[in-house]
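Participant:
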Amino acid sequence: MGEDLTLFLQYAFNGIAMGAVYAMIAAGITLVYGLSRIIHFAVGELVMFGAFVALMVWEGTGSFSLAIATAIPVLAFIGLITERVVFRFTLREPLTGFIVSLGLILVFQGTAVEIWTANPKYSQPPLQGAWELFDITVRKQSVLNLAIAAVVLAVCYYVLRKTTAGKSVRAVSDDPEASALMGIPVKKVIMATFIVGSALAGIAGCIIMTIGFITPYIGAVYLLRGFAVALIGGLGNIQGAALAGIGLGIAESLAAGYVGPGWTDAYVFGTAVLILLWRPTGLAGGAEGARI
Amino acid sequence: MNPLLRTQMLTKHFAGIRAVGPVDFTATSGEIVGIIGPNGCGKTTFFNVVSGFMKPTAGQVFWEGQDIVGVPAHRRARLGMVRTFQERMVFPGTPVRENLQTALIQYGASDIGDEAVTAALDYVGLPHQVIDQMAGHLSWGECRLLGMALGLVLKPKILLLDEPFAGLNRVGAERVTSTLRRLRGDGIGAVIVEHEMDLLLPLCDRVVVLANGEVLAEGTSQEILQREDVRTVYFGGDPVARDQ
Amino acid sequence: MSSGSRSRLRRAAPYGGVLLLGLIAFLLPQVSPTSFVLSLATTALIYAIAAAGLGFLWGQSGQLSLAHAAVFGIGAYTAAVCAKQLGLSFAASLPISAGVGLVAGALVALPSLRTSGHYFVILTFAVSEVISVVEMRWESLTGGVNGVTTLPGAQTLFGLRLAGRADYYSIVVIFAVVVFLVLCLLMRSRWGILLRSMRENPDLSTSLGINVPINRVIVFALSGAIAALAGQLYLYHVKSIAPEAFMSNLSIVFLLVVLLGGKSYLLGPAAGAIIYVFLPEYIGLSPVRSQIAFGVILVVMILTAPDGVLSLIGRLRERLRGPRTEAGA
Ligand SMILES: Nc1ncnc2c1ncn2[C@@H]1O[C@H](COP(=O)(O)OP(=O)(O)O)[C@@H](O)[C@H]1O
Ligand SMILES: [Mg+2]
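Line order of the protein sequences matches chains S, Z and X. In terms of this note's numbering, the first sequence opens at residue 9 and continues consecutively. In terms of this note's numbering, the second sequence opens at residue 18 and continues consecutively. In terms of this note's numbering, the third sequence opens at residue 562 and continues consecutively.
(1) Tell me which residues share the same chain as F64 (chain Z) and place their Cβ nearer than 6 Å to its Cβ, disregarding the 5 neighbours each side in the sequence.
(2) Check V237 (chain S) in the structure and name its three-state DSSP category.
(3) With DSSP as the reference, please indicate the residues paired to H30 (chain Z) in a beta bridge.
(4) Which residues of chain Z have a Cβ atom closer than 8 Å to the Cβ of L649 (chain X), listed in chain order?
(5) Looking at the secondary structure, which residues open and close the beta strand (DSSP E) in which W271 (chain S) lies?
(6) So, is the C-beta of P672 (chain X) closer than 8 Å to a C-beta in chain S?
(7) Should L655 (chain X) and Q793 (chain X) be called a contact, given that it needs their Cβ atoms to be closer than 8 Å?
(8) Around the C-beta of Y273 (chain S), are 16 or more other C-beta atoms found within 10 angstroms, so that it is buried, or is it exposed?
(9) Just mark M56 (chain S) as buried or exposed, buried being the case when its beta carbon has 16 or more other beta carbons within 10 Å.
(10) Please indicate yes or no: does the CB of E180 (chain Z) lie closer than 7 Å to some heavy atom of ligand 2?
(11) Output yes if chain S places a C-beta closer than 8 Å to the C-beta of A628 (chain X); else output no.
(12) With a threshold of 8 Å, are at least 3 pairs of Cβ atoms found where one atom belongs to the segment 748-759 of chain X and the other to the segment 698-707 of chain X?
(13) Is the beta carbon of V38 (chain S) less than 8 Å from the beta carbon of L243 (chain S)?
(14) Measure from the C-beta of L284 (chain S) to each C-beta in chain X and report whether the shortest distance is under 8 Å.
(15) Kindly indicate if chain X contains any beta-carbon less than 8 Å away from that of S195 (chain Z).
(16) What residues in its chain sit with their C-beta under 8 Å from that of Q261 (chain Z), if we drop five residues either side in the sequence?
(17) If we define contact as Cβ-Cβ less than 8 Å, is A888 (chain X) a contact residue for chain Z?
(18) How many Å lie between V237 (chain S) and A28 (chain S) at the Cα?
(19) From Z:I175, Z:M165 and Z:R201, pick the residue whose C-alpha is nearest to that of M106 (chain Z); which is it?
(20) For F16 (chain S), which residues in the same chain have their Cβ closer than 8 Å to its Cβ, ignoring the five residues on either side in sequence?
(21) Would DSSP call Q83 (chain Z) helix, strand or coil?
(22) So, does the CB of W271 (chain S) fall closer than 8 Å to a CB anywhere in chain X?
(23) Can the beta-carbon of P109 (chain Z) be found less than 8 Å from the beta-carbon of G153 (chain Z)?
(24) Which class does W752 (chain X) belong to by DSSP, given the choice of helix, strand or coil?
(25) Count Cβ pairs between the segment 59-73 of chain S and the segment 211-228 of chain S that sit closer than 8 Å; are there 3 or more?
(26) Is W286 (chain S) buried or exposed, if buried means 16 or more other CB atoms sit within 10 Å of its CB?
(27) I'd like to confirm something about T61 (chain Z): is its beta-carbon nearer than 7 Å to some heavy atom of ligand 2, or not?
(28) Could you compute how far the alpha carbon of A77 (chain S) sits from the alpha carbon of I657 (chain X)?
(29) State the beta-bridge partners of T145 (chain S) as determined by DSSP.
(30) Which runs of the alpha helix (DSSP H), 4 residues or longer, sit entirely within the segment 790-842 of chain X?
(31) Taking F807 (chain X) as the query, report the chain S residues whose CB atoms sit under 7 Å from its CB, ordered along the chain.
(32) Could you work out which residue in S:G257, S:V276, S:L282 and S:T279 is closest to Y19 (chain S) when comparing CA atoms only?
(33) Which residues share a DSSP beta bridge with F42 (chain Z)?
(34) Counting only Cβ-Cβ distances shorter than 8 Å, please list the residues of the segment 64-86 of chain S near chain X, keeping chain order.
(35) For L759 (chain X), which beta-bridge partners are listed by DSSP?
(36) Using a threshold of 7 Å, is the CB atom of G54 (chain Z) nearer than that to any non-hydrogen atom of ligand 1?
Here it is in C-alpha cells:
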C-alpha cells in the first residue's frame, strides 16, 4: 500500500475515533435542546467533570470499567440536580436557561480547580498497545473508545426509536402541550433528558481522559465541537449528529496531520461557521423546532 | 385601471406541501378586499408571501405594475404596503408612546411628541391614558387597535390586516369596525383576512374565498353568501346548524 | 415649577447623573487611596466601558454576543501592535483600535443576516474561539501564548501621564464619562427607539419599514468599537496581555457585569463592574472561589432579579413610597 494512502487512513481512523466522542456529546446537546429548547452551554464542563472523575477512579483502582461505572452516575446526578434546582425554572424562557448554563460554566470550572487544581493531568491509557493493520497503527484504546461510543449511540437510537419511553420523548419534543394532554409526564421526561444528556457528556469525558492531557479549562473545546456537530447534523437529529461527529473528527484529524496542529481549531470552527451560514438548519436537515 | 397590488399564480410550499396557491389576486387603494377562509387554509402564509416575509415557491407579486418578488419586506413597507400580525401585534416591552413613535419615525414625522402620538391613538379610538402603559400590558383588543394604529401611522396605500377581529369581544370588534370604515375616506386600501364572515362581509367591497390555499370564489359580499360551494366549506352545507 | 421645565429637567437628569458620578470618580485620587484601590478602580471602569457596549447591544437591541471579550482582546492587541510595531502613541492608536473593533463587531454580526436566535449566539461563541486561536497562533503579531508587553513611557494625554497610576485612572474616568454620555444620547435618540422596537418584535419592525439586519450590524459595530476602546485602555493599564485573558470566560463575565447592574439601565454596567471588581477583594475571596461565587450569583440573578441590582433599588423605592394608584392597571 502506498505511503500516502496509509497516512491518510491513519488520520482517518484517528478522526473517526475522536468523532465518535463528539457525536456522543452532540447527542446529549440535541436531546436536551429538543425537549427543553435550552442551549446547555455547560456541557463542555460536564465532559471535563466526567474526565476528572474517571481519571481519579482509574488511577485509584486501576479499573477503567469502574471509572466509567462511577462517572456515569456522578454525571447523571449532576444532571438531575441542575435540572431540579435551576433549569426547571427556566423552561418558559429558554434564553434564561442558556444564561444559567453560562453561570454553571463558571461554577463547574472553579469547583474543578478547587478539587483537582489547574495543573494539566495525564494518565496512561487503560488499554496499552496497538495492532498493525495494513501499516496503520490501531491503538487498542482507540478501538475500545470507538466501541463504547458506538454502543452508547446505538442504545440511544434504539431507545428513542423503538421503546415506549423513546416515543414519549419524541412526542414531547414535537408538541409538549399535546403530550401533556395525552398523559405523558412532560416534566419527568425533560428531567430524564437532562440526566441522560449529562451522562452522555460524562461518558465522553471518560474517553477523553484516555486520549491526552485534561485541565479544568478543556470544556470550551468540547462545547464548541459538540455544538458544531449538533448544529451541522441538524438539532434534534441523532443520526445526523453521528455522521457530523465523524465528519468533524476526520476533517480535524486530516487538518492536523497535513497542515499542522496549531491552526486546526481555527479551520474547524471557521468551517463550521461557514457551513452553518450556508445551511442554517444543518446539512442533514432538522429544524429550529427540532424533531427527534 | 391598473391595480396597485396584483399577484399572479402566487404559490408557497412548505417542505413540498402546498400551503398557498396558485393565487391570482388584485387590490387597489381606496378599496377594502376581504379574504376569508377557514383556519389553516393559508391566509397568513399568503400575507407573508405578499409582504415579503417569505419567498414564494412560484409566482409573482406586482406593485404598481412592477414585479417586487425580490424586494425585501422592509422596502415593501416603504413602498406603501404595510401588514399587521395575527398574534404578535405590538412591541410589548416598551410603552405605547414608544410603540407609536417607532411608526412615526418610520413615517418620517419631524414631530414625534405626545401630540402626534395622541393623534394616532385618536384615530383608532384608544384612550389617551394608555400612552404610558407598557404595550404588553394592554388588553387583547387594545393591542389589536394599537397594532392597526402602528400600520396606519405610516399612511400606507394598502394595509394588510391579519384577522383583525380574532379574539375580540363585541365592543372591541365595533371599535375595529369603525376604524376600518374610516380608511376608505382617507384613501387607504385594505386587504383583510378573516375566518369570521359576519363581521367582515359588511365592510368589504369585494371578497375572495380561500380553501386549501386556492381561490374558491370571488365576488361581492352578496354574491359570496349565495354561493353553494362556499357554504359547504364554511357551514358544512347546513347554514342553519351554525346559527345555533 | 411648570410641567414643561420639569420634563426638560427629567430629560437632562441622566446626563447630569453621569457627569456627577464622573466628577465623584474623578475626585477619588484626592482622598489618597492606596495604589491598589486605584488600580482596582481603573479595572472596574474599564470593565464598565466594555460592558456598557455589551449592555447597549443587549439591553437596547436585544442581541446577545459571546464574542464581546474577543473583540475587547482585539482592541488590546491592535493597540499593542500599534505601539510596538508601528511606534504609534496612545492617542494615535486609539482611533485605529476602535476602528478595528468596529469592523470586528460588524463581522461578528454578519451571521445574523442569515440566522438568528440560538444559532446566532452559538455562532458568536464559535467566532470568539476562532479569534482566540488566531491570537494564540499569529505569533509574529501577538507574541503567541507569551503575549505582549507595552510600556507607555513618558506619554501624556489631556496633560496627564499615562504611566502615573492616579493620572491614568483619571484618563480612564474621562473616557468612561464620554462613552456613557454618548450611549445616553443614543438611547434617547430616534435610533434608540427603533433599536428597542427591534428588540421587542423584529418582524413588526420590519413591517414598519425598518431594515432590521443592517441596524443589527450597526449596533454590533458600535458595541465592538466600544469594546476595543476598552481593550486599549486595558492594555495600557495592565501593560502585559496574553490570549487566555480574552477567552470566552471573560465574555461571560461581561454578561454577568451587565446583568448584575441591570441591562436596561444606562449605568447598570458601571454598577455591575464595581460590584464585580471590588466585592471579592472586600470579602477576601481567592480568584477561583470568586469565580464560583459569581457563577452562582449569575444563576441566582437571572432567576430572581433579571433586571439587576438597580431595579432592586427601584423596587425598594416603590415599597417605601407605599402603594401607588396606577392608572388603568
Ligand atoms: N413556517 C411554516 N412552516 C411550515 N408550515 C407552515 C408554516 N406556516 C404555515 N404553515 C402551514 O401552512 C398552512 C397554512 O397556515 P396559515 O397560513 O397560518 O393559515 P391561516 O392563517 O389561514 O390560519 C398550515 O397548514 C400551516 O401548518
Ligand atoms: Mg393565520
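Note that CB positions come from ideal geometry on N, CA and C, so glycine has one too. Since the model is a prediction, treat every value here as computed from it, not as a measurement.
Facilitator: Once the coordinates are examined:
(1) R100, L177 and D179
(2) helix
(3) Z:R35
(4) Neighbours of L649 (chain X) on chain Z: none; closest Cβ ~40 Å, over 8 Å.
(5) W271 (chain S) -> no beta strand (DSSP E), and no H or E assigned at all.
(6) yes
(7) yes
(8) Correcting the residue identity first, residue 273 (chain S) is Asp in this sequence and not Tyr. Answer is buried; the Cβ neighbour count reaches 16.
(9) buried
(10) yes
(11) no
(12) no
(13) Note that residue 38 (chain S) is Thr in the sequence shown here, rather than Val. Contact: yes.
(14) yes
(15) no
(16) No answer about Q261 (chain Z) holds up, because its pLDDT of 35 lies below 50 and its placement is not dependable.
(17) Here A888 (chain X) scores only 39 on pLDDT, less than 50, and its place in the model should not be relied on; the value that follows carries that caveat. Yes - at least one Cβ of chain Z is within 8 Å of the one on A888 (chain X).
(18) 11 Å
(19) Z:M165
(20) L262
(21) strand
(22) yes
(23) yes
(24) helix
(25) yes
(26) exposed
(27) yes
(28) 55 Å
(29) S:E140
(30) 809-822
(31) Ordered by position in chain S, no residue passes the 7 Å Cβ test against F807 (chain X), which lies about 12 Å from the chain.
(32) S:G257
(33) Z:T24
(34) none
(35) Looking at the sequence shown, residue 759 (chain X) is not Leu but Met. Its beta-bridge partners do not exist; DSSP assigns none.
(36) yes
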